[in-house]
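This report refers to the structure that appears directly beneath it.
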Amino acid sequence: MIQSKMKWKFTYSNSEESSSVLPGVTPLTQQLLEKRGIHNAEAADRFLKPSIDQLHDPMLMEGMDIAVARVKEAIASDQSVLVFGDYDADGVTSTSVMVEALRKAGADCDFYIPNRFTEGYGPNKEAFQFAYDSGYSLIITVDTGIAAMEEASFAKELGIDLIITDHHEVQEVLPDAYAIIHPKTSADYPFQELAGVGVAFKFAHALLGRFPKEFLDLVVIGTIADLVPLKGENRVLASIGLQAISHSARPGIQALRKVCSIEGDMNEETIGFTIGPRLNAVGRLQDATPAVDLLLSEDLEEAEQIATFINQLNQERQKIVASIAKEAEEMVSVENGEAENVIVVAKEGWNPGVLGIVASKLVRQFDRPAIVLAIDEEKGEAKGSARSIDAFDLFSNCMEIRHRFIHFGGHAQAAGMTLALDQIEELRSDLISLAEEKLSDDDYQQVLDIETTVELEDISLKQIEEVNKLRPFGMGNPKPLFHLKHTPKEVRLIGSKKNHLKFQFQSQQSRLDGIAFGMGDLYQQISPQAALDVVGELGINEWNGRKNLQVMIKDLRVIEWQLFDHRGSKHIEKNLIIPPNQTFAAVSFQGKDQSPCDVPVLQAESVEHGDSYDGLLIIDLPKRMSEMTELLSKIETRKVYACYHIQESTFLKTWPSRDHFKWFYGMLLKRGRFNLHEEADLLANRKGWDKSMVEFISEVFFELDFVKIKDGIITAESEPSQKDLRESSLYLQREEQLQIERTLYYSTYKELKSWFDQYMNQRFKQVKEEVTNGL
46 MIQSKMKWKF TYSNSEESSS VLPGVTPLTQ QLLEKRGIHN AEAADRFLKP
96 SIDQLHDPML MEGMDIAVAR VKEAIASDQS VLVFGDYDAD GVTSTSVMVE
146 ALRKAGADCD FYIPNRFTEG YGPNKEAFQF AYDSGYSLII TVDTGIAAME
196 EASFAKELGI DLIITDHHEV QEVLPDAYAI IHPKTSADYP FQELAGVGVA
246 FKFAHALLGR FPKEFLDLVV IGTIADLVPL KGENRVLASI GLQAISHSAR
296 PGIQALRKVC SIEGDMNEET IGFTIGPRLN AVGRLQDATP AVDLLLSEDL
346 EEAEQIATFI NQLNQERQKI VASIAKEAEE MVSVENGEAE NVIVVAKEGW
396 NPGVLGIVAS KLVRQFDRPA IVLAIDEEKG EAKGSARSID AFDLFSNCME
446 IRHRFIHFGG HAQAAGMTLA LDQIEELRSD LISLAEEKLS DDDYQQVLDI
496 ETTVELEDIS LKQIEEVNKL RPFGMGNPKP LFHLKHTPKE VRLIGSKKNH
546 LKFQFQSQQS RLDGIAFGMG DLYQQISPQA ALDVVGELGI NEWNGRKNLQ
596 VMIKDLRVIE WQLFDHRGSK HIEKNLIIPP NQTFAAVSFQ GKDQSPCDVP
646 VLQAESVEHG DSYDGLLIID LPKRMSEMTE LLSKIETRKV YACYHIQEST
696 FLKTWPSRDH FKWFYGMLLK RGRFNLHEEA DLLANRKGWD KSMVEFISEV
746 FFELDFVKIK DGIITAESEP SQKDLRESSL YLQREEQLQI ERTLYYSTYK
796 ELKSWFDQYM NQRFKQVKEE VTNGL
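Written out as structure tokens, the structure reads:
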């Protein structure tokens with residue numbers, strides 16, 4: 046048995062029946078659409094074919110008319126406009142969209158992105174003072190500002206009109222700004238989940254009075270990179286944006302393609318794992334201005350220089366993240382194999398720009414909400430980022446203890462914060478208490494939402510291509526996870542470090558490759574012919590023009606008991622790896638006191654009913670088969686390792702038939718005597734027998750009083766009694782030993798597994814019934 050690392054949530058029922066039939070799609074695709082709330086042909090068509098006409102009128106957004114009028118006033122009166130952005134990918138693309146839109150509208154404008162290290166997140170008074178001193182009379186924020194209460198008041202004091210465009214969570218009080226454009230403050234706007242760049246795009250649409258398709262290659266980056274739900278307008282913007290960026294002539298996009306070696310069309314994974322991280326890296330390590338310069342550049346040579354620089358920064362960022370993550374992991378307090386309910390780690394010298402990534406790594410490793418803080422002793426403050434698990438809403442829980450923070454903002458799963466050093470322990474204590482109050486043990490296990498169970502025969506290129514019509518996948522429209530139960534034809538380790546697994550699943554009609562990254566440690570725990578349950582994403586692997594079906598495995602398990610065959614192995618210690626945190630024992634039937642792999646040895650007769658172990662090593666064979674069956678009836682285990690070998694085999698010796706006994710007795714009657722010491726070898730050679738068979742026949746006859754043996758001379762009894770050969774204990778003992786060896790040692794793996802199944806499956810059934818009755 047192998048336990049799954051995550052909690053599998055089967056989000057469907059086998060009894061579910063579709064209420065309607067969607068034309069043009071397979072039943073599996075229909076099921077996926079219905080899980081997404083799509084139950085009729087019209088809704089399916091809109092979902093599968095996102096288009097511009099599905100977008101809402103930007104003027105429905107509250108404050109849009111006021112904001113557009115103010116910008117046009119600034120253009121008419123030659124007032125300078127400053128775009129105040131943010132340093133992540135969403136902020137950078139939002140800034141670029143807004144600057145380009147303003148310039149196309151005829152505005153005199155520039156942009157300002159705060160330095161993460163010297164200014165922190167969001168608007169600040171020093172920046173607004175700089176804007177005032179530089180002659181700006183209008184500031185437009187993008188992807189930030191909804192929590193800038195003091196800064197908005199300060200702008201008003203300076204005489205600067207402030208237009209806030211943002212999408213972050215709205216707090217109790219709104220800033221006193223000239224206008225606020227935010228989906229969640231607009232009761233009449235139908236969609237509230239836009240990214241910052243989506244809001245900026247809406248502003249650009251309203252300002253220019255037309256649909257600005259030239260910005261779609263920027264909109265898709267911020268929308269996907271900021272992990273907003275890819276449904277509604279976000280799905281449309283991401284879908285048509287991917288088409289736009291795949292064919293974009295923008296020098297900055299072309300330069301990014303080159304340094305990232307991107308060929309062909311881009312998809313959401315290209316944005317999420319290649320483009321987005323590089324744009325984010327700039328603001329994480331320094332001023333984010335070069336990222337905006339890249340996207341606004343009109344010169345390809347200049348753009349390539351900036352892109353090369355950004356790519357180098359990203360490589361540096363990766364090294365810094367790895368270093369800090371290692372330190373942070375070592376600081377996590379772990380008791381009984383589990384971390385605290387909420388992880389809070391802090392250290393001086395950590396780069397604040399990468400702490401969100403480190404927090405994400407801690408969440409994935411420990412399945413706990415995590416806050417990672419960089420300590421600034423000089424200021425007496427700690428600043429950092431937080432990431433969370435699905436069950437713990439960071440924003441709402443941190444708002445309950447808002448007094449602990451100097452600054453705080455974010456979403457349910459991600460947040461940024463600044464607090465005094467003396468508040469770190471209080472913060473940890475408060476959040477642990479909130480987690481203990483609101484979460485159960487199950488909440489700390491990562492959940493895999495499984496769309497459906499599929500049979501190997503149901504998976505085809507056509508089906509996977511149809512599933513891909515649901516793209517782009519992301520938040521709100523996750524890439525479907527499928528459950529498959531099948532015995533792999535082959536399991537092997539791959540990768541330079543041999544830390545990944547590759548499976549080959551095959552039936553008469555279908556073949557599917559399975560890849561499990563980072564699961565190489567399970568290789569020794571998967572027995573041959575084990576029925577494997579896997580959960581993963583179906584895809585197509587194309588190599589040299591060939592397309593192969595593939596499942597990218599996220600988690601796996603083996604529910605049934607497993608048999609590992611090490612019979613006769615002289616190197617068990619090398620091939621048998623005991624999994625950490627599991628209890629193993631070895632059992633001996635013949636009094637052995639040492640076992641492979643330094644696990645404790647139990648004598649079979651001392652095993653008590655109900656003794657339980659994760660794994661059981663059987664290190665020698667019993668003298669009677671009943672000893673083995675009795676052991677299996679008493680002990681509870683999910684893994685049996687056959688580790689025994691035979692020094693002197695009964696099975697390999699010739700087993701005498703009744704005719705052999707009959708011939709030997711007749712020969713003895715005819716000759717009158719037989720010298721066992723001198724004539725056994727001669728007889729064995731002449732008859733093609735084994736000498737031991739001659740000796741065995743003699744011993745059985747002696748036990749049955751058919752013969753006398755004295756000093757090796759065998760003579761027949763004058764009046765032998767009538768007895769059957771099976772009345773001889775030696776005969777029966779030899780017969781049983783032969784059966785033991787034939788069944789437990791010389792059998793094939795399949796035969797041995799089948800024999801054990803009789804007793805192991807019966808034991809599992811009994812345990813299951815006991816648990817059920819107990820409940």
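Read in order, the letters of the sequence shown correspond to residues 46 to 820 in our numbering.
Yeah, the Cβ is synthetic: ideal placement off N, Cα and C, and Gly gets one too.
Item	Value
Local Cβ density within 10 Å of Glu202, reported as buried at 16 or more and exposed below that	exposed
Of the residues Phe453, Glu511, Arg409, Asn442, the one placed nearest Gly429, counting alpha carbons only	Phe453
Cβ-Cβ distance between Ile420 and Val399 below 8 angstroms	no
Continuous alpha helix (DSSP H) assignments of at least 4 residues falling wholly in the region 620–687	670–679
7 angstroms Cβ shell around Thr71 - same chain, five flanking residues per side excluded	Gln508, Glu511
Extent of the continuous beta strand (DSSP E) run through Gln33	One cannot answer for residue 33 here, as it falls past the ends of the chain, which runs 46 to 820.
Asp135 and Gly267 closer than 8 angstroms at C-beta	yes
Neighbour-count burial assignment, Ile226, 16 or more Cβ in a 10 Å radius	buried
Extent of the continuous alpha helix (DSSP H) run through Trp708	703–716
Ser737 CB to nearest heavy atom of the ligand FAD below 7 angstroms	No copy of the ligand FAD appears in this structure; indeed no ligand is present at all.
Which of helix, strand or coil DSSP assigns to Ile495	strand
Three-state secondary structure (DSSP) of Thr817	Residue confidence is low: Thr817 scores 35 on pLDDT, short of 50, so the model does not pin down where it sits. Its coordinate-derived value is still stated next. Residue state, collapsed to three classes: helix.
Given Asp435 as reference, the closest of Asp503, Gln48, Lys52 once Cα atoms are compared	Lys52
Short Cβ contact (8 angstroms threshold) for Ala384 with Ser378	yes
Close Cβ partners of Phe629 (< 7 angstroms) along its chain, the five nearest in sequence each way excluded	Ile623, Val644, Tyr658, Asp659, Gly660, Leu662
Leu666 beta carbon less than 8 angstroms from that of Phe634	yes
Cα-Cα separation between Leu253 and Pro103, rounded to whole angstroms	11 angstroms
Of the residues Ala373, Asp332, Ser141, the one placed nearest Asp262, counting alpha carbons only	Ser141
Range of the contiguous beta strand (DSSP E) that encloses Tyr791	Per DSSP, Tyr791 belongs to no beta strand (DSSP E) and is neither H nor E.
Pair within 8 angstroms by beta-carbon distance, Met462 and Leu275	no
Which of helix, strand or coil DSSP assigns to Glu317	The amino acid occupying residue 317 in the given sequence is Gly; Glu does not appear at that position. Three-state DSSP puts Gly317 in a helix.
Backbone CA spacing between Asn279 and Tyr686 [nearest angstrom]	54 angstroms
Local conformation of Glu217 per DSSP, three classes	coil
Which listed residue (Asp131, Ile680, Asn396) has its alpha carbon closest to that of Ile158	Asp131
Spatially closest choice to Lys149 from Phe173, Gln553, Phe248, Ser182, by CA coordinates	Phe248
First through last residue of the beta strand (DSSP E) which encompasses Val752	752–755
Glu214 versus Gly455 - alpha carbon distance	6 angstroms
Simplified DSSP assignment, three categories, for Glu238	coil
Short Cβ contact (8 angstroms threshold) for Ala245 with Met106	no
Ranges of the beta strand (DSSP E) found wholly within the region 454–506, counting only runs of at least 3	459–465, 492–495
Distance, Asp578 Cα to Thr817 Cα	Confidence in Thr817 is poor, its pLDDT being 35 and thus under 50, which makes the residue's placement unreliable; the coordinate value appears in the next sentence. If you take the alpha carbons of Thr817 and Asp578, they lie about 23 angstroms apart.
Per-residue burial, Glu764 [other beta carbons within 10 Å of its own, 16 or more giving buried]	exposed
Whether Ala465 touches Glu500 by CB criterion (8 angstroms)	no
Residue from Lys94, Met109, Asp153 whose Cα sits closest to the Cα of Ser122	Asp153
Own chain, CB closer than 7 angstroms to Pro296, minus 5 neighbours either side, in chain order	Ser342, Glu343, Asp344, Leu345, Ala348
CB of Leu777 within 8 angstroms of CB of Arg703, strictly	no
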